[in-house]
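Participant:
2 protein chains.
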Amino acid sequence: MNVIIIGGGAGGLSTASNIRKYDDDAQITVITRDKNVAYSPCAIPYVLSGDVRNFDDIIMHQPEEYLERGIKVLTEAEVLEIDKDQKTIKYILTQDKMRYERELEYDYLVMATGGAPFIPPVKGANLKGVFTIRTINDGLKIKEWAEKSRKAVVVGAGLIGLETAYGLKKMGLDVVVAEMVSQIVPRLLDPSMARLVQNYLEKEGIRVILGRSIEKIIGSESTEGILLGDEIIEADLVIMATGVRPETHLAEYLGCELGKWAIKVNEKMETSIPGIYAVGDCVEVTDAITGHPTQSPLGSTAVRQAKIAAKNIVGLAVEVEPVLNATVAKIGALEFGAVGLTKSVATHNGIFVISGKKRALTKARYYPGAKRIDVKMVCNLQGRIIGCQIVAEERVAERVDTMALAIAKKVTCYELVNMEFSYAPPVSMVIDPIILAAENACEKLEEIGG
Amino acid sequence: MNVIIIGGGAGGLSTASNIRKYDDDAQITVITRDKNVAYSPCAIPYVLSGDVRNFDDIIMHQPEEYLERGIKVLTEAEVLEIDKDQKTIKYILTQDKMRYERELEYDYLVMATGGAPFIPPVKGANLKGVFTIRTINDGLKIKEWAEKSRKAVVVGAGLIGLETAYGLKKMGLDVVVAEMVSQIVPRLLDPSMARLVQNYLEKEGIRVILGRSIEKIIGSESTEGILLGDEIIEADLVIMATGVRPETHLAEYLGCELGKWAIKVNEKMETSIPGIYAVGDCVEVTDAITGHPTQSPLGSTAVRQAKIAAKNIVGLAVEVEPVLNATVAKIGALEFGAVGLTKSVATHNGIFVISGKKRALTKARYYPGAKRIDVKMVCNLQGRIIGCQIVAEERVAERVDTMALAIAKKVTCYELVNMEFSYAPPVSMVIDPIILAAENACEKLEEIGG
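These protein sequence lines are chains A and B, in that order. According to this note's numbering, the first sequence is numbered sequentially starting from 126. According to this note's numbering, the second sequence is numbered sequentially starting from 126.
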């Protein structure tokens with residue numbers, strides 16, 4: 126069995142590893158344009174901040190390590206042509222700066238083409254000192270440029286934008302974050318919870334400007350600033366963190382059906398063309414709450430999908446679960462995360478909801494080092510939990526996971542208040558903040574009911 | 126409505142607070158022998174270790190604060206007589222060193238009498254320098270004695286014994302822990318997981334002796350050591366952490382039915398005598414997995430039971446859930462916890478099980494400060510998860526909570542491997558160690574099945 130995988134990110138390489146796990150004999154080839162494989166793109170900002178020493182550290186594996194397991198990884202290779210009837214693929218291989226055309230046959234093809242940064246069509250986007258952030262190469266170039274810069278603007282207050290802003294701040298730059306809508310991380314948090322994150326960034330000395338669009342980037346050769354509404358923000362470094370679009374060109378070329386957001390796949394991660402699978406940021410997923418198509422550009426999602434695709438390719442019938450987008454981020458000392466729908470998104474989808482809120486502590490009140498924790502739980506009018514947002518300086522990630530499980534298992538706030546949570550003074554409160562938020566949700570539902 | 130609650134620990138005071146929450150008019154009186162109320166007994170070792178500055182810090186509330194909410198708390202008071210037909214209670218009140226006899230009527234009586242340390246009948250147990258550890262007063266006396274001591278033996282390697290041993294070590298004493306059975310924390314962890322905790326304690330300079338019983342305590346006026354098998358362990362301080370027995374004398378006196386372990390209550394937390402409730406360490410609970418009666422001497426359990434008792438007393442019919450004993454502890458830098466059954470306990474109960482194990486990291490491999498984490502997941506032969514044990518230097522408590530929810534919702538290891546967990550390099554691995562342990566469990570079940 127020949128399997129060709131296009132893309133060397135989390136989705137592509139996990140598919141390769143999983144196929145090998147279940148099938149000793151499969152011929153597995155990974156083709157990627159990137160020079161590096163198996164690195165964690167979400168770790169790039171941590172190299173800027175100095176939390177991780179250098180870009181080499183975030184590369185988990187080298188192509189040679191895959192070869193030892195019989196997985197051929199071709200880097201700096203470009204797909205030229207695919208014949209889906211003959212099941213052949215032509216590609217360009219670069220070796221010692223020479224380019225060679227090669228051809229391979231496949232039984233299964235997996236598209237793990239990821240996403241590409243989206244840049245809005247503003248004047249000056251091609252000036253020097255203007256960057257997107259996606260690959261290690263981007264990170265290297267940003268770091269080099271930042272070392273001789275003083276003022277940076279990050280356009281876009283999504284997770285990658287904020288993490289990059291914090292990294293640049295730690296490098297010693299003046300940093301401004303400019304976001305078009307009226308809050309930061311709008312896909313992840315409701316306004317009141319986003320405000321807590323914003324407060325932290327501002328406390329760290331990052332200026333956050335909301336509700337204004339970038340008009341243009343100013344400068345002759347390299348950037349000198351951006352025009353934001355009618356204010357000029359000086360900047361010798363501009364990061365365009367204005368979103369990522371699924372990379373679907375190859376799928377379109379092959380004639381795979383696209384959905385509203387990206388490549389359409391069935392529950393086996395197979396595209397509309399039998400034998401051609403797709404995983405990772407380039408595919409569309411189903412939202413577990415709304416049932417509607419959505420996106421899930423998370424490494425953890427790619428890895429889960431890869432396992433499903435691999436199992437189906439080797440003949441083990443398994444189906445992918447709809448997603449809750451369990452997400453966590455850490456910026457400086459602040460950890461925040463969410464799972465399921467925000468109140469805003471739920472309302473936008475026509476779901477009536479209430480939200481239980483609680484501000485509490487991460488340890489017993491008297492225990493030194495207890496941190497504030499804020500929990501917001503979104504429930505529908507039957508009490509079913511459909512979302513949860515958490516902001517604190519510690520112990521957020523696993524609480525997001527607990528809530529992911531609660532949402533997946535259709536737990537209500539009425540049930541959750543009676544659930545067992547562990548307790549010890551140095552690590553928790555005797556009644557967990559999650560339970561307290563669920564109690565608040567129950568009270569609000571009673572108020573409505575009465 | 127008059128409610129009298131006997132006992133001022135987590136169970137008693139939470140019952141009082143919850144009744145007040147649902148009923149503005151109830152007359153609520155709490156009677157306790159202790160001088161202090163509303164403190165966290167499990168925090169006493171942290172005062173010894175210096176992590177918490179002093180014993181006053183661990184007192185969460187003063188009696189006056191309860192009085193503001195219309196809850197009368199009588200400290201240093203002793204129950205003299207209860208007439209369950211007339212529904213009256215006579216008690217001795219101590220005020221300005223004078224003792225007064227008082228009488229009160231009740232509609233509902235709540236026993237929250239807790240537990241009392243159990244000391245095996247060994248010679249020398251009444252020598253000076255031999256202590257049990259349960260109340261703040263015990264803590265004060267231990268601290269005072271420890272300050273002039275050099276060598277301590279802690280008899281019993283349960284959680285409170287180990288935490289106390291670590292506290293004494295931090296105070297500068299030579300510390301030996303002596304445990305009768307062949308492992309530490311036998312109720313909580315299986316031998317291989319307990320060994321990880323033991324390794325940590327030994328690394329911290331605490332000697333751990335297993336599989337030997339204390340024969341006697343040696344000394345003329347105060348302790349000079351203990352005889353352990355045929356070895357004499359020198360000690361000018363001995364802590365008898367040999368277990369806690371439910372305090373059921375009052376319940377027996379009243380004629381409440383006792384179970385195998387403690388006071389028997391129904392799902393409303395009511396004893397066999399209508400109108401008399403019981404909560405906390407003095408009651409018997411139902412194990413969620415085996416369905417058998419068991420004990421759950423945890424503050425978190427007491428607080429949950431208190432809510433159920435209070436709601437039923439004010440006329441809101443709710444039922445208590447069987448317990449999973451979700452437990453976490455932190456000793457020095459090491460956090461460990463468990464929920465559900467260990468493999469040993471499951472096997473002892475005639476349940477055939479396999480266990481999935483994984484040693485992994487708490488952050489991305491390349492992220493500085495990643496700690497080792499060990500997970501052991503116990504599943505029955507249908508794959509249902511019935512227990513989980515976790516040892517790591519961080520992020521254990523919330524993982525125990527996630528697993529508590531998984532066990533309560535009857536999740537199988539097959540389901541868990543497809544569950545969504547959040548990921549960010551500074552706080553997790555792209556595939557959570559819990560998922561990896563579940564994968565290992567699935568593999569073991571497949572091996573058996575094949």
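Where a beta carbon is used, it is the ideal one built from N, C-alpha and C, also for glycine.
In three-state DSSP terms, what is lysine 455 (chain B)?
Facilitator: strand
Participant: Under 7 Å between beta-carbons, which chain B residues line up against cysteine 167 (chain A)? List them in chain order, please.
Facilitator: Ala549 and Pro550
Participant: Would you identify the three-state DSSP class for tyrosine 231 (chain A), choosing helix, strand or coil?
Facilitator: coil
Participant: Evaluate the contact criterion for the region 557-567 of chain A versus the region 532-544 of chain A: three or more CB pairs, one atom per stretch, below 8 Å.
Facilitator: yes
Participant: Under 8 Å, with one C-beta from each stretch per pair, do the region 152-166 of chain A and the region 439-453 of chain A reach the 3-pair mark?
Facilitator: no
Participant: Rounding to the nearest angstrom, what Cα-Cα distance links valine 500 (chain A) and arginine 520 (chain A) in this structure?
Facilitator: 12 Å
Participant: Excluding the 5 residues flanking arginine 145 (chain B) on each side, which residues of the same chain have their C-beta closer than 8 Å to its C-beta?
Facilitator: Ala151, Ile153, Arg194, Gly195 and Ile196
Participant: My guess is that isoleucine 217 (chain A) and glutamate 203 (chain A) are in contact by the Cβ rule of under 8 Å, so how many angstroms apart are they, rounded?
Facilitator: Between isoleucine 217 (chain A) and glutamate 203 (chain A) a beta carbon distance of about 4 Å is seen, short of the 8 Å cut, so the two are scored as contacting.
Participant: Determine the chain A residues that contact isoleucine 183 (chain B) at a beta-carbon separation under 7 Å, and present them in chain order.
Facilitator: Tyr491
Participant: Within 10 Å of its beta-carbon, does phenylalanine 583 (chain B) have 16 or more other beta-carbons around it, so buried, or fewer, so exposed?
Facilitator: Summary: the structure shown does not reach residue 583 (chain B), with chain B confined to residues 126 through 575, and so no result is reported for it.
Participant: Going by beta-carbon coordinates alone, are leucine 239 (chain B) and alanine 431 (chain B) separated by less than 8 Å?
Facilitator: Here residue 239 (chain B) turns out to be glycine, not leucine, going by the sequence shown. Cβ distance not < 8 Å, so glycine 239 (chain B) and alanine 431 (chain B) don't count as in contact.
Participant: In whole angstroms, what separates the C-alpha of arginine 275 (chain B) from that of tyrosine 492 (chain A)?
Facilitator: 27 Å
Participant: How close, in whole Å, do the beta carbons of isoleucine 532 (chain B) and isoleucine 515 (chain B) come, if the pair is a contact with beta carbons under 8 Å?
Facilitator: Not really, about 13 Å apart at Cβ, beyond 8 Å.
Participant: From serine 469 (chain B) to glutamate 444 (chain A), what distance separates their C-alpha atoms?
Facilitator: Serine 469 (chain B) and glutamate 444 (chain A): Cα-Cα distance of roughly 35 Å.
Participant: Please name the residue in A:Gly462, A:Val278 and A:Phe546 whose C-alpha comes closest to that of serine 553 (chain B).
Facilitator: Proximity to serine 553 (chain B) across A:Gly462, A:Val278 and A:Phe546 peaks at A:Gly462, based on C-alpha coordinates.
Participant: Would you call the CB atoms of lysine 393 (chain B) and tyrosine 147 (chain B) closer than 8 Å?
Facilitator: Their beta carbons are not under 8 Å apart, which means lysine 393 (chain B) does not touch tyrosine 147 (chain B) by this criterion.
Participant: So the candidates are B:Pro551, B:Asp182 and B:Val162; which of them puts its Cα closest to the Cα of leucine 192 (chain B)?
Facilitator: B:Val162
Participant: Can you pull the DSSP bridge partners for aspartate 499 (chain B)?
Facilitator: According to DSSP, residue pairing for aspartate 499 (chain B) in a beta bridge involves B:Arg484 and B:Val516.
Participant: Name the DSSP bridge partner or partners of serine 142 (chain B)?
Facilitator: DSSP lists no partner for serine 142 (chain B).
Participant: Using the beta-carbon count (16 or more within 10 Å), is arginine 429 (chain A) buried or exposed?
Facilitator: Buried, by the Cβ-count rule.
Participant: Cβ of aspartate 406 (chain A) less than 8 Å from any chain B Cβ?
Facilitator: no
Participant: Name, going along the chain, the residues of the region 181-209 of chain B whose beta-carbon falls closer than 7 Å to a beta-carbon of chain A.
Facilitator: Asp182, Ile183 and Met185
Participant: Assuming valine 448 (chain A) and threonine 411 (chain A) make a contact with CB atoms under 8 Å, what is their CB distance in whole Å?
Facilitator: That belief holds up - the Cβ atoms of valine 448 (chain A) and threonine 411 (chain A) are roughly 7 Å apart, short of 8 Å.
Participant: Count the C-beta pairs between the region 376-389 of chain B and the region 299-306 of chain B that are closer than 8 Å, then say yes if the count reaches three, no if not.
Facilitator: no
Participant: Which residues bound the alpha helix (DSSP H) around asparagine 474 (chain B)?
Facilitator: It is not in any alpha helix (DSSP H) - asparagine 474 (chain B) carries neither H nor E in the DSSP assignment.
Participant: Distance cutoff 8 Å, beta carbons only. Does valine 448 (chain B) sit that close to anything in chain A?
Facilitator: yes
Participant: Can you grab the Cα-Cα spacing for the pair isoleucine 421 (chain A) / alanine 427 (chain A), in whole Å?
Facilitator: The sequence as given places serine at residue 421 (chain A); isoleucine does not occur at that position. Using only the alpha carbons, I get a separation of about 8 Å.
Participant: Which residue from B:Lys534, B:Leu234, B:Thr537 and B:Ile258 puts its Cα closest to that of isoleucine 364 (chain B)?
Facilitator: B:Ile258
Participant: To the nearest angstrom, report how far apart lysine 212 (chain B) and glycine 400 (chain B) are at their CA atoms.
Facilitator: 10 Å
Participant: Shortest alpha-carbon distance to leucine 284 (chain B) belongs to which of B:Pro166, B:Val235 and B:Ala271?
Facilitator: Nearest option by C-alpha distance: B:Pro166.
Participant: Give the single residue among B:Asp355, B:Glu340 and B:Glu359 whose Cα lies nearest to the Cα of glutamate 349 (chain B).
Facilitator: B:Glu359
Participant: So for aspartate 361 (chain B), helix, strand or coil by DSSP?
Facilitator: coil
Participant: Look up phenylalanine 256 (chain B) in the DSSP assignment and say whether it is helix, strand or coil.
Facilitator: strand
Participant: Just by C-beta distance, which residues in the region 303-314 of chain A are closer than 9 Å to chain B?
Facilitator: none
Participant: With 8 Å as the threshold, decide whether the Cβ of lysine 534 (chain B) is near any Cβ in chain A.
Facilitator: yes
Participant: State buried or exposed for valine 306 (chain A), treating a residue as buried only when at least 16 other CB atoms are found within 10 Å of its CB.
Facilitator: exposed
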